[in-house]
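Residue numbers (my numbering), protein chains in the order written: chain Z, 2 to 115; chain G, 2 to 116.
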């Protein structure tokens, strides 16, 4: 079955460490997104990529980095520069281009900084 | 300020009751999406509305987009415990420069259905 796989599901990090969250999709979607979700805050866009080897900053990109070397993969690195990294992270993808923008989401990764 | 306002923030209903969740913007909504989320999981797509006055239904859930395309409602008839979760609306809104559309989400509505 096609879908988006995020790993790990749960991750604990010490302050000052970088961590990378994996996102893989087999939907042949062009566009991929990373969102952060905090209680009562809804979803906030971190980074997005509409094609391979290209990505743009979202609303809250500071302290995060991404790469898009393959169409199927869009890993997110949470760096030590991110002041408040404890959150639920969601990866999503869509076919891209003009028209309807229905997002398919992964199951999420919960990052806790100790 | 929030571009997409959802109300109520949370809702507790008795099983079998009807309920409505609203999603409102001061800007025109180009593409309105409703998603459902179980706590700690990803979002599941429910419905998409694009035209003013459009209405769609799936099982006991009906979504509407008003004629001015600035407000959408999600109505659940005869609610069941399986309807419990977080409902989020997402919409494409023209950015301030008018050059492209930005997909933005409301903060969500937490629905509890008591048996």
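Glycine included, C-beta positions come from ideal geometry on N, C-alpha and C.
- Rounded to whole angstroms, the separation of the alpha carbons of residue 85 of chain G and residue 27 of chain G is 28 angstroms.
- Residues are counted here when their Cβ sits less than 7 angstroms from a Cβ of chain Z; for the region 74–99 of chain G these are 89, 93, given in chain order.
- Listed along the chain, the chain G residues whose CB falls inside 9 angstroms of the CB of residue 107 of chain Z are 43.
- If you check the CB distance, residue 80 of chain G and residue 20 of chain G come in under 8 angstroms.
- DSSP places residue 104 of chain G in the uninterrupted beta strand (DSSP E) bounded by 102–106.
- Unbroken beta strand (DSSP E) stretches of 3 residues or longer found wholly inside the region 66–92 of chain Z: 77–79, given in chain order.
- Each residue's CA atom was taken as its position, placing residue 114 of chain Z and residue 57 of chain G some 42 angstroms apart.
- Between the region 67–74 of chain G and the region 22–38 of chain G there are three or more C-beta pairs closer than 8 angstroms, enough to call the two in contact.
- Contact between residue 31 of chain Z and residue 5 of chain Z is absent: CB atoms are separated by about 14 angstroms, not below the 8 angstroms threshold.
- In the DSSP annotation of this structure, the continuous segment of the beta strand (DSSP E) that includes residue 23 of chain G starts and ends at 20–25.
- Look at residue 30 of chain Z here: in three-state DSSP terms it is coil, with no helix or strand label.
- As a beta-bridge residue in DSSP terms, residue 44 of chain G pairs with G:38.
- Residue Z:46 holds the alpha-carbon nearest to the alpha-carbon of residue 93 of chain Z among Z:41, Z:46, Z:14.
- The contact set of residue 108 of chain G on chain Z, defined by CB atoms closer than 7 angstroms, consists of 41, 42, 43 in chain order.
- In this structure, the straight-line span from the alpha carbon of residue 9 of chain Z to that of residue 103 of chain G is close to 29 angstroms.
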